[in-house]
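This report refers to the structure that appears directly beneath it.
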Amino acid sequence: MVTHQRSAQNPHKRSKASLIILIMLAFLLLIAAVMMAMSIPEETVLPDTTVPAETAAASNLGFTCDSVEAQKLFPFGQGVVKLTNNRLAYLTIEGTEVFAEEIDMASPYVVLSGKRLIACDREGTSYVVINEEGVLFKGNREGRLVGASFAADQTLALIEDRHNSTGVVAILDALTGQLKYECFFPESGYVLSVRFTPDNKAFDVVLVNTDGAKAEPLLKRFSIAGEPSGQRILDVEGIYPLVIYDSAGQPVLCSDTQLVGVNYEQDDYRFVVDLPRIEAVAETSAEPVVLAGERLGGKLGIYSLDTAGKLSSPLDVGDQVTAMTVSGQYVAFGSGTHVYVYDAKSRQMILDSNLAAEIVRVDFVDDHLLTVVTGTGVLRLTVEHP
82 MVTHQRSAQN PHKRSKASLI ILIMLAFLLL IAAVMMAMSI PEETVLPDTT VPAETAAASN
142 LGFTCDSVEA QKLFPFGQGV VKLTNNRLAY LTIEGTEVFA EEIDMASPYV VLSGKRLIAC
202 DREGTSYVVI NEEGVLFKGN REGRLVGASF AADQTLALIE DRHNSTGVVA ILDALTGQLK
262 YECFFPESGY VLSVRFTPDN KAFDVVLVNT DGAKAEPLLK RFSIAGEPSG QRILDVEGIY
322 PLVIYDSAGQ PVLCSDTQLV GVNYEQDDYR FVVDLPRIEA VAETSAEPVV LAGERLGGKL
382 GIYSLDTAGK LSSPLDVGDQ VTAMTVSGQY VAFGSGTHVY VYDAKSRQMI LDSNLAAEIV
442 RVDFVDDHLL TVVTGTGVLR LTVEHP
């Protein structure tokens with residue numbers, strides 16, 4: 082087992098830890114509020130007939146639900162997951178329950194990747210991992226579970242907020258739940274997020290270092306076996322809680338106003354992109370995609386980001402968006418009553434469908450099908466490719 086041991090913290094560092102964790106959680110909760118907007122459902126509504134047929138294909142699959150239920154539904158695979166404080170259930174697209182698991186979580190949230198989903202308790206230590214067939218495993222960790230990330234293979238990373246620590250990254254087998262090893266960061270800073278590289282040979286841990294006069298982002302890389310293999314302290318100020326990867330596999334750190342390109346082979350950053358308002362970021366098989374606004378208020382645009390840090394011309398969307406979801410080169414998201422699908426390879430919007438109901442969440446079943454949770458229920462949309 083590869084373990085990077087932690088050391089005792091003095092009261093000054095503990096107070097700084099509390100402050101930075103509060104800042105981090107406030108920022109992440111802001112992202113969650115924007116990216117997981119919830120609405121009041123009434124009935125299932127098919128696409129507005131005024132929308133061109135080629136951008137508004139829908140099936141009659143789906144079900145209605147009340148306002149409380151809609152807030153707890155998450156598209157997953159061929160169906161949806163219904164998550165409450167004491168129960169996780171997997172439903173078909175018609176709303177029929179396939180299986181369920183009793184849980185006890187004060188503040189549950191989900192992270193999904195392909196055919197796996199984890200539900201964690203942000204205010205507790207319990208978690209459960211499922212696929213479409215049933216529960217793979219569940220358990221408890223020592224610290225509060227403030228983040229999770231799946232690799233494309235059978236590896237899962239959990240971020241724990243433990244007493245008197247700056248954050249712990251636990252690496253588990255994503256099929257069995259067996260703990261492989263833990264990483265500690267007593268001298269590096271406070272853990273914000275973790276992400277596996279596109280080739281699944283390593284993972285990056287994003288931290289913020291507050292020992293100096295200013296908060297500095299720090300990126301540490303580990304091999305998949307847990308050995309340290311790189312580190313970069315960036316000469317930029319602020320908190321950068323997210324990392325994505327460009328088309329060359331190089332990391333890009335993201336804050337609410339900046340994108341910073343990083344390369345472990347050079348000391349300085351590759352580029353810095355300033356935007357007044359960044360709402361969401363996602364990586365695709367083509368290029369990273371950014372939802373951002375040119376002003377603090379008003380409409381957002383969707384941009385593609387190349388390896389030199391150059392943004393494409395934006396395509397306008399609404400002033401608020403749901404979480405983005407990715408399937409290969411395609412990105413789907415909701416804005417108001419519209420569902421959008423963006424092709425990051427051609428840099429074109431290939432679907433703009435007005436469902437006449439507030440969009441809550443969207444996810445791909447495959448490149449040609451979407452599951453949409455709206456303010457009036459759950460339905461299936463067909464994506465017509467050019």
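With the numbering used here applied, the sequence shown corresponds to residues 82 to 467, in that order.
For glycine and all other residues, C-beta sits at the position ideal for the given N, C-alpha and C.
Residue i classed as buried or exposed, judged by whether at least 16 other C-beta atoms fall within 10 angstroms
{"i": "Leu164", "result": "buried"}
{"i": "Phe157", "result": "buried"}
{"i": "Pro298", "result": "buried"}
{"i": "Ser304", "result": "exposed"}
{"i": "Thr342", "result": "Sequence inspection shows Gly at residue 342; the Thr mentioned does not correspond to that position. Buried: at least 16 other Cβ atoms inside 10 Å."}
{"i": "Arg302", "result": "buried"}
{"i": "Asp337", "result": "buried"}
{"i": "Ala296", "result": "buried"}
{"i": "Glu364", "result": "buried"}
{"i": "Leu436", "result": "buried"}
{"i": "Pro467", "result": "exposed"}
Limits of the unbroken beta strand (DSSP E) element including residue i
{"i": "Glu178", "result": "178-183"}
{"i": "Thr455", "result": "450-455"}
{"i": "Pro156", "result": "154-157"}
{"i": "Pro298", "result": "297-304"}
{"i": "Ser336", "result": "Element bounds for Ser336: n/a, residue is neither H nor E."}
{"i": "Lys391", "result": "Here Lys391 belongs to no beta strand (DSSP E), and DSSP marks it neither H nor E."}
{"i": "Ser246", "result": "Premise fails: Ser246 is in no beta strand (DSSP E) and is neither H nor E."}
{"i": "Asp202", "result": "197-202"}
{"i": "Pro309", "result": "309-314"}
{"i": "Thr463", "result": "458-463"}
{"i": "His419", "result": "419-424"}
{"i": "Ile174", "result": "It is not in any beta strand (DSSP E) - Ile174 carries neither H nor E in the DSSP assignment."}
{"i": "Leu323", "result": "323-326"}
{"i": "Ser385", "result": "382-385"}
{"i": "Glu263", "result": "260-265"}
{"i": "Ala255", "result": "Counting along the chain, Ala255 falls outside any beta strand (DSSP E), and DSSP gives it neither H nor E."}
{"i": "Lys282", "result": "It is not in any beta strand (DSSP E) - Lys282 carries neither H nor E in the DSSP assignment."}
{"i": "Gln235", "result": "Unbroken run through Gln235: none, as it is neither H nor E."}
{"i": "Ser188", "result": "Ser188 -> no beta strand (DSSP E), and no H or E assigned at all."}
Pair within 8 Å by beta-carbon distance, residue i and residue j
{"i": "Phe155", "j": "Val149", "result": "no"}
{"i": "Gly143", "j": "Arg461", "result": "yes"}
{"i": "Val453", "j": "Val443", "result": "yes"}
{"i": "Phe266", "j": "Thr291", "result": "no"}
{"i": "Val402", "j": "Ala413", "result": "no"}
{"i": "Val289", "j": "Cys264", "result": "no"}
{"i": "Leu237", "j": "Cys201", "result": "no"}
{"i": "Tyr326", "j": "Thr257", "result": "no"}
{"i": "Ile440", "j": "Thr418", "result": "yes"}
{"i": "Cys335", "j": "Tyr345", "result": "no"}
{"i": "Ala373", "j": "Ala404", "result": "no"}
{"i": "Val446", "j": "Gln259", "result": "no"}
{"i": "Ala255", "j": "Val210", "result": "yes"}
{"i": "Val317", "j": "Val353", "result": "yes"}
{"i": "Asn281", "j": "Asp242", "result": "no"}
Option in the options with minimal Cα separation from residue i
{"i": "Ser207", "options": "Ile314, Glu183, Asp316", "result": "Glu183"}
{"i": "Ala329", "options": "Arg351, Leu315, Val287", "result": "Arg351"}
{"i": "Ser416", "options": "Asn166, Ala438, Glu297, Arg222", "result": "Ala438"}
{"i": "Ser274", "options": "Gly228, Gly307, Gly399, Leu217", "result": "Gly228"}
{"i": "Leu356", "options": "Pro369, Leu381, Asp348, Asn344", "result": "Leu381"}
{"i": "Lys153", "options": "Ala363, Asp185, Lys295, Val191", "result": "Val191"}
{"i": "Tyr271", "options": "Ile240, Tyr262, Arg203", "result": "Ile240"}
{"i": "Arg276", "options": "Arg197, Leu323, Asp185", "result": "Leu323"}
{"i": "Tyr171", "options": "Glu213, Ala151, Val209", "result": "Glu213"}
{"i": "Val371", "options": "Val407, Ile431, Asp348, Gln347", "result": "Val407"}
{"i": "Glu223", "options": "Ser230, Ile199, Ala251", "result": "Ala251"}
{"i": "Glu469", "options": "Cys146, Gly215, Asn221", "result": "The structure shown does not extend to residue 469, since the chain spans only 82 to 467, so no value can be given for it."}
{"i": "Ser269", "options": "Thr365, Gly311, Asn435", "result": "Gly311"}
{"i": "Ser495", "options": "Val353, Asp448, Lys426, Ser230", "result": "Look at the range of the chain in this structure, 82 to 467, and you will see that residue 495 is not part of it."}
{"i": "Ser434", "options": "Ser366, Asn281, Thr365, Val464", "result": "Val464"}
{"i": "Ala283", "options": "Ala294, Ala306, Ala296, Leu300", "result": "Ala306"}
{"i": "Glu468", "options": "Lys295, Asp448, Cys146", "result": "This structure leaves residue 468 out entirely; the chain is present only between 82 and 467."}
{"i": "Gln347", "options": "Arg313, Gln429, Asn281", "result": "Arg313"}
Residue i - containing alpha helix (DSSP H), residue span
{"i": "Ser148", "result": "148-151"}
Straight-line Cα distance separating residue j from residue i
{"i": "Asp400", "j": "Glu308", "result": "43 Å"}
{"i": "Thr388", "j": "Gln339", "result": "15 Å"}
{"i": "Thr457", "j": "Leu169", "result": "21 Å"}
{"i": "His244", "j": "Asp397", "result": "45 Å"}
{"i": "Leu193", "j": "Gly379", "result": "30 Å"}
{"i": "Ser473", "j": "Leu432", "result": "This structure does not reach residue 473, given that the chain is present from 82 up to 467, and the question cannot be answered."}
{"i": "Val179", "j": "Thr173", "result": "7 Å"}
{"i": "Val422", "j": "Glu368", "result": "15 Å"}
{"i": "Asp349", "j": "Arg358", "result": "24 Å"}
{"i": "Tyr262", "j": "Leu450", "result": "38 Å"}
{"i": "Gly319", "j": "Ala232", "result": "27 Å"}
{"i": "Glu375", "j": "Pro395", "result": "10 Å"}
{"i": "Asn166", "j": "Ala151", "result": "15 Å"}
{"i": "Ala187", "j": "Lys391", "result": "42 Å"}
{"i": "Met430", "j": "Ala294", "result": "44 Å"}
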